[in-house]
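With positions in the sequence shown counted from 1, the corresponding number in the numbering used here is that position plus 44.
By construction, the Cβ of each residue, glycine as well, lies at the ideal position given by its N, Cα and C atoms.
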Amino acid sequence: MRILLTSTNEAKQKALQNIVDRFYDLAIIETISVDSGVSKTPTNDQEAIQGCWNRIDRAREIKGDYDAYVSFEGLISNHEFGMFLYGWCLFVDGTKNEYGLGASSQVMVPRFISSKISADVEFSDVVKADYPSEHLSKMPVVGSNGLFTNLHYTRVQEFEDAALCALGYLHNPANVGDQRSVPQK
45 MRILLTSTNE AKQKALQNIV DRFYDLAIIE TISVDSGVSK TPTNDQEAIQ GCWNRIDRAR
105 EIKGDYDAYV SFEGLISNHE FGMFLYGWCL FVDGTKNEYG LGASSQVMVP RFISSKISAD
165 VEFSDVVKAD YPSEHLSKMP VVGSNGLFTN LHYTRVQEFE DAALCALGYL HNPANVGDQR
225 SVPQK
């Protein structure tokens, strides 16, 4: 099975590699870096999921047919209780023309970080500049949520959770007949 991951991000690659073997024998993961077409840091589920679809559409245009396509998108959301960080996974089965979506757990963002976030600012740039952690050098893999949880819940785990939810749903025989077809352009 040939799977195209729409990012070259190390955490996303590790997450997918850690999960895909549970569902497929001899899966080969290839990567391509494509733009999401949404904000650098989406602020709601709709925008993040649209970013996943955009990445897959662009990857398909560039690379052509694969057995499956995977896209991850991190986001922040604001609630009355504060700002939270989490991620989505979109897994498109190119052979069945079906897809599964899954989201991760959410991690609270410290107020001194969330107060500096705006639409024109990259979330991770604020964290790198202002978060006091001895683990900043590991940020490309552990992510901001890894820093906020002192490495107890990393970006790799975030995207593993999202991928497990997407693939688990897609591969559950009880869900056959309720699978979502990939929208046509």
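Check: For I73, which beta-bridge partners are listed by DSSP?; Outcome: I47
Check: Confirm, please, whether the CB-CB distance from N189 to L134 is below 8 Å.; Outcome: no
Check: Report the residue ranges of all alpha helix (DSSP H) runs contained in full by the region 142 to 204; include only those spanning at least 4 residues, in chain order.; Outcome: 155 to 158, 167 to 174, 183 to 192
Check: Determine the burial state of S115: buried for a count of at least 16 other Cβ atoms within 10 Å of its Cβ, exposed for fewer.; Outcome: buried
Check: With distances taken between CB atoms, is the gap from T52 to T85 smaller than 8 Å?; Outcome: no
Check: How close, in whole Å, do the beta carbons of I47 and A71 come, if the pair is a contact with beta carbons under 8 Å?; Outcome: 6 Å
Check: At which residue ranges does the region 108 to 134 contain complete beta strand (DSSP E) runs of 3 or more residues, listed in the order of the chain?; Outcome: 112 to 123
Check: Using DSSP with H/G/I as helix, E/B as strand and the rest coil, what is D65?; Outcome: coil
Check: Closest by CA to V151, which one among M127, D174, V170?; Outcome: M127
Check: With C-beta atoms as the reference, is V64 less than 8 Å away from A103?; Outcome: no
Check: Distance check for D205 and N141, CA to CA, integer angstroms please.; Outcome: 23 Å
Check: Are the beta-carbon atoms belonging to G81 and N98 less than 8 Å from one another?; Outcome: yes
Check: By the 10 Å Cβ neighbour count, where 16 or more other Cβ atoms means buried, how is E178 classified, buried or exposed?; Outcome: exposed
Check: Look at I93 and L49 and say whether their C-beta atoms are less than 8 Å apart.; Outcome: no
Check: Flag this pair as yes or no: are the beta carbons of S26 and A163 separated by less than 8 Å?; Outcome: Past the edges of the chain, shown from 45 to 229, lies residue 26, and the structure says nothing about it.
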